[in-house]
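Quick mapping for you: the protein sequence lines, in order, are chains P and Z. With the first sequence counted from 1, adding 1202 to any position gets you our numbering. With the second sequence counted from 1, adding 1 to any position gets you our numbering.
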Amino acid sequence: MQPLENATFRNTVILIVGLFLVWELAYLVVGDVALRSPWQTVKFLGELMRTDLFWLHLADSLKAFAVALAIAVVLGLLIGFALGLHRLSGEAMEPMLVALYSIPKITLYPIILLAFGIGISAKIAFGAIHGIIPVALFTLNAVRTTRPILIKTGRVLKLSPAVMVREILFPAAVPEIFTGIRVGFSLTLIGTVLGEMFAAQRGLGYMLMSAISLYNIDLIMSVTFLLVVLAASVNMTLLVIDRRLHHR
Amino acid sequence: MSRLRLSQIAVVAGFILLLEALCLAGVIDKITMPPPHIILRDLFRMLLTGRYFGEIGKSIVNVLVAFASAYLVGVIIGTILHGHKTTREILDPLFATYYAIPVFAFYPLFIVMFGLGDGPQILIGFMLAVVAVIITTLNGLDRVPPVLKKTARVNGLNALQTARHITLPFCTPYLLTAAKLALAYAFIGVIGSEFIMARSGMGYEISYAYTNFDNATMYPLILVILLLSIAANSLLSRWERMLLARRGQG
Chain P
1203 MQPLENATFR
1213 NTVILIVGLF
1223 LVWELAYLVV
1233 GDVALRSPWQ
1243 TVKFLGELMR
1253 TDLFWLHLAD
1263 SLKAFAVALA
1273 IAVVLGLLIG
1283 FALGLHRLSG
1293 EAMEPMLVAL
1303 YSIPKITLYP
1313 IILLAFGIGI
1323 SAKIAFGAIH
1333 GIIPVALFTL
1343 NAVRTTRPIL
1353 IKTGRVLKLS
1363 PAVMVREILF
1373 PAAVPEIFTG
1383 IRVGFSLTLI
1393 GTVLGEMFAA
1403 QRGLGYMLMS
1413 AISLYNIDLI
1423 MSVTFLLVVL
1433 AASVNMTLLV
1443 IDRRLHHR
Chain Z
2 MSRLRLSQIA
12 VVAGFILLLE
22 ALCLAGVIDK
32 ITMPPPHIIL
42 RDLFRMLLTG
52 RYFGEIGKSI
62 VNVLVAFASA
72 YLVGVIIGTI
82 LHGHKTTREI
92 LDPLFATYYA
102 IPVFAFYPLF
112 IVMFGLGDGP
122 QILIGFMLAV
132 VAVIITTLNG
142 LDRVPPVLKK
152 TARVNGLNAL
162 QTARHITLPF
172 CTPYLLTAAK
182 LALAYAFIGV
192 IGSEFIMARS
202 GMGYEISYAY
212 TNFDNATMYP
222 LILVILLLSI
232 AANSLLSRWE
242 RMLLARRGQG
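Structure representation (structure tokens):
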């Protein structure tokens, strides 16, 4: 695996340098009216990080995100295992989950807001509904495609359903479940930020939207940059772990 | 198969009945959500008066523009990348992590750059959709069996003929999958952007109704969006399954 990972690393570096070059070029073409250069953005982000307000917003976003992710993973695993163990329910529900996955969930946000009120609980609920479905779908498929010999062994040993899940199905499904959590992680983050952009009084998404009305391009670019770097770097890390799990 | 259908219908019907019961029992209060039968009645009224047809039409046109441009550009880029191994390897990490990035975060920037109009919304829809098309196109081209390529070479087909008689027919299911994904993403992108900030469109009308506590408009419009996206998705999925079944892969 070593040479392949080195190649991936090299490509990633080339890609990042390339993206910065494209950004700088775009800045040179468009100019100060609507863009900032990479260097200006990073510098402003540094200044932003010295303000207390920024950390308040960041902490609020991270808190909402963490709780949402926990809910998405727990509920997703429960739904995935329940549907995976019961064949008919699994076959009936899978296409419906896929259909739910493809709808613009943002349309449901007003309903969530009416139910929870503007605040952290609405953000959490909205983040969680983005993450639950991928975790559930990956778990469902992992449980369904567990090698039959493992399940038969469990039956022969007369394991109870709880022990069966703990000792056989879960360990066998770990790589797939991890993939589900990786996708769920990204979608929960997107959901949380999206929720903040539509209606919130705190958080990074709110910061972005308030920057539009102030026409504060520095703020818009540095928060967008921060979000992209956060999402991309965490996802890359999870992807590396994911690939190792699948190659075991 | 019919037993499966029945249980699916039962789940949906059960869910709606549950909502109805909860609303009528007052567990869900009227300000949060009207009972489903009222939503349905409001929807029919809305469709009869044709009040939001303009907004619905506008959103659909923007979705289609985003979809068509993303599809065209995606297939072309995918085809070109297939022939450039190094470029593709360099872009691979981008494709792998692209859908983890909150593309909507770019929306404020686009508003500042292009003004608050259809442009930024279509651009967000395009950005969400185009990478899915590129990835699926590459995936399809990767799977063209070498024996087919050899047959083309033996018969002396030129590039255009190979594309028409070999690659294109083989890749049809992938192109359809790409279309399905692109449509879903374009829809999410456009409606989502309208929601966050816009001057017209279905998403805008919903957020406007939300701020005015106008549930009689909000819920029917949400229903329209959900039904549109589910209908488009299931139509394309069915078509996809038919194609795959014909190849014996279904």
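The beta carbon of each residue, even a glycine, is placed where N, CA and C say it ideally should be.
Beta-carbon proximity list for residue i, same chain, < 6 Å, skipping 5 on both sides
{"i": "P/Met1203", "result": "Because P/Met1203 carries a pLDDT of 47, less than 50, the predicted location of this residue cannot be relied on, and the following value inherits that uncertainty. For P/Met1203, where only same-chain residues beyond five positions count, there are no Cβ hits under 6 Å."}
{"i": "Z/Leu158", "result": "none"}
{"i": "P/Glu1378", "result": "Phe1340, Ala1344"}
{"i": "Z/Gly79", "result": "Ile135, Thr138, Leu139"}
{"i": "Z/Phe115", "result": "Pro121"}
{"i": "Z/Met34", "result": "none"}
{"i": "P/Tyr1303", "result": "Ile1335"}
{"i": "Z/Asp144", "result": "Correcting the residue type first, residue 144 of chain Z is Arg in the shown sequence and not Asp. Excluding sequence neighbours, Z/Arg144 sits near nothing in its chain."}
{"i": "Z/Ala153", "result": "Thr163, Ile167"}
{"i": "Z/Leu142", "result": "His83"}
8 Å CB neighbourhood of residue i in its chain, flanking five on each side removed
{"i": "P/Thr1390", "result": "Phe1267, Ala1270, Leu1271, Ala1274, Gly1329, Ala1330, His1332, Gly1333"}
{"i": "P/Val1219", "result": "none"}
{"i": "P/Lys1307", "result": "Phe1328, Ile1331, His1332, Gly1393"}
{"i": "Z/Leu82", "result": "Thr88, Arg89, Leu92, Ile135, Leu139"}
{"i": "Z/Leu117", "result": "Met198, Ala199, Arg200"}
{"i": "Z/Val191", "result": "Ser60, Asn63, Val64, Ala67, Gln122, Ile123, Ile125, Gly126, Gly202, Gly204"}
{"i": "P/Ala1470", "result": "Because chain P spans 1203 through 1450 in this model, residue 1470 of chain P falls outside it and cannot be assessed."}
{"i": "P/Leu1361", "result": "Glu1369, Ile1370"}
{"i": "P/Thr1355", "result": "Ile1370"}
{"i": "Z/Val104", "result": "Ile125, Met128, Leu129, Gly190"}
Any non-hydrogen atom of the ligand NAP closer than 7 Å to residue i Cβ
{"i": "P/Phe1267", "result": "As presented, the structure is devoid of all ligands, the ligand NAP included, so that no description of it is given."}
Partner residues on chain P for residue i, Cβ-Cβ distance less than 8 Å
{"i": "Z/Glu90", "result": "Ala1209, Asn1213"}
{"i": "Z/Ala246", "result": "Correct list: empty, because the minimum Cβ distance to chain P is about 15 Å."}
{"i": "Z/Phe105", "result": "Ile1392, Val1395, Leu1396, Met1399"}
{"i": "Z/Val12", "result": "Ala1294, Met1295, Met1298"}
{"i": "Z/Trp94", "result": "What sits at residue 94 of chain Z in the sequence shown is Pro, not Trp. Correct list: Thr1210, Asn1213, Thr1214, Leu1217, Met1438."}
{"i": "Z/Leu20", "result": "Ordered by position in chain P, no residue passes the 8 Å Cβ test against Z/Leu20, which lies about 11 Å from the chain."}
{"i": "Z/Ile207", "result": "Thr1309, Pro1312"}
{"i": "Z/Ser201", "result": "Within 8 Å Cβ-Cβ: nothing; Z/Ser201 doesn't reach chain P, min ~16 Å."}
Integer-rounded CB distance, given that residue j should sit under 8 Å from residue i
{"i": "P/Arg1238", "j": "P/Ile1419", "result": "6 Å"}
{"i": "Z/Ala130", "j": "Z/Tyr53", "result": "Actually they are not in contact, since the Cβ atoms of Z/Ala130 and Z/Tyr53 sit about 25 Å apart, beyond 8 Å."}
{"i": "P/Ser1388", "j": "Z/Tyr108", "result": "18 Å between Cβ atoms; not a contact."}
{"i": "P/Leu1429", "j": "P/Leu1406", "result": "6 Å"}
{"i": "Z/Leu227", "j": "P/Ile1305", "result": "6 Å"}
{"i": "P/Met1399", "j": "P/Thr1243", "result": "Contact doesn't hold; Cβ gap of about 19 Å is too wide."}
{"i": "Z/Leu5", "j": "P/Glu1293", "result": "6 Å"}
Where residue i meets chain P, residues with beta-carbon distance less than 7 Å
{"i": "Z/Asn234", "result": "Ala1301, Ser1304"}
{"i": "Z/Ile102", "result": "Val1430, Ala1433, Ala1434"}
{"i": "Z/Ala217", "result": "Those within 7 Å of Z/Ala217 in chain P number zero; the least Cβ separation is about 13 Å."}
{"i": "Z/Ala97", "result": "Leu1441"}
{"i": "Z/Ile78", "result": "Near Z/Ile78 there are no residues of chain P at all, since even the closest Cβ is about 15 Å away, more than 7 Å."}
Contacts around residue i, its chain only, beta-carbon distance under 7 Å, and the 5 residues preceding and following it disregarded
{"i": "P/Thr1439", "result": "none"}
{"i": "Z/Thr178", "result": "Thr137, Glu241"}
{"i": "Z/Ser201", "result": "Glu56, Lys59"}
{"i": "Z/Lys31", "result": "none"}
{"i": "Z/Phe188", "result": "Val64, Ser230"}
{"i": "Z/Gly251", "result": "Residue placement at Z/Gly251 is flagged as unreliable, the pLDDT there being 41, under the threshold of 50; the coordinate-derived value follows with that caveat. Cβ within range, chain order: Arg242, Leu245."}
{"i": "P/Leu1287", "result": "Val1345"}
{"i": "P/Met1411", "result": "Met1399"}
{"i": "P/Pro1240", "result": "Phe1222, Trp1225, Glu1226"}
{"i": "Z/Glu195", "result": "Ser60, Gln122, Gly202, Met203, Gly204, Tyr205"}
{"i": "P/Thr1381", "result": "Phe1340, Asp1444"}
{"i": "P/Leu1247", "result": "Ser1424, Phe1427, Leu1428"}
Residue i: contacting residues in chain Z (beta-carbon distance under 8 Å)
{"i": "P/Leu1411", "result": "The residue you asked about is not Leu; residue 1411 of chain P is Met in the sequence shown. In chain order: Pro109, Ile197, Met198."}
{"i": "P/Ile1414", "result": "Pro109, Ile112, Val113, Met198"}
{"i": "P/Thr1341", "result": "What P/Thr1341 touches in chain Z: nothing, since even the nearest Cβ is about 19 Å away."}
{"i": "P/Thr1426", "result": "Ala106, Phe107, Pro109, Leu110"}
Under 7 Å by beta carbon: chain Z residues contacting residue i
{"i": "P/Pro1363", "result": "None at all; the shortest Cβ gap to chain Z is about 22 Å."}
{"i": "P/Ile1422", "result": "Pro109, Leu110, Val113"}
{"i": "P/Thr1347", "result": "Within 7 Å Cβ-Cβ: nothing; P/Thr1347 doesn't reach chain Z, min ~17 Å."}
{"i": "P/Ile1308", "result": "Ile192, Gly193, Phe196"}
Where residue i meets chain Z, residues with beta-carbon distance less than 9 Å
{"i": "P/Leu1290", "result": "Arg4, Leu5, Ser8"}
{"i": "P/Tyr1417", "result": "Val113"}
{"i": "P/Ala1317", "result": "Ile29, Thr33, Met34"}
{"i": "P/Ile1314", "result": "Those within 9 Å of P/Ile1314 in chain Z number zero; the least Cβ separation is about 10 Å."}
Partners in chain P for residue i, counting only beta-carbon separations shorter than 9 Å
{"i": "Z/Tyr53", "result": "Those do not exist, as Z/Tyr53 stays about 14 Å from chain P at its closest Cβ, beyond 9 Å."}
{"i": "Z/Ile57", "result": "Going along chain P, no residue has its Cβ under 9 Å from Z/Ile57, so there is no contact; the nearest lies around 13 Å."}
{"i": "Z/Leu227", "result": "Ile1305, Pro1306, Thr1309, Leu1310"}
Contact residues within the region 1380-1403 of chain P, judged by C-beta distance below 7 Å to chain Z: Taking 7 Å as the Cβ-Cβ cut-off against chain Z, the residues of the region 1380-1403 of chain P that qualify are Ser1388, Leu1391, Ile1392, Val1395, Leu1396, Met1399, Phe1400.
Selection of the region 107-140 of chain Z by Cβ proximity to chain P, strictly under 8 Å: When C-beta distances to chain P are compared with 8 Å, the residues of the region 107-140 of chain Z below that value are Phe107, Tyr108, Pro109, Leu110, Ile112, Val113, Met114, in chain order.
Residues of the region 167-196 of chain Z with Cβ closer than 7 Å to any Cβ of chain P, in chain order: Near chain P, meaning a CB-to-CB distance below 7 Å, the residues of the region 167-196 of chain Z are Ala185, Phe188, Ile189, Ile192, Gly193, Phe196.
Near-chain Z residues of the region 1217-1249 of chain P (beta-carbon distance less than 9 Å), N- to C-terminal order: Those would be Leu1217, Ile1218, Gly1220, Leu1221, Val1232, Val1235, Ala1236, Leu1237, in chain order.
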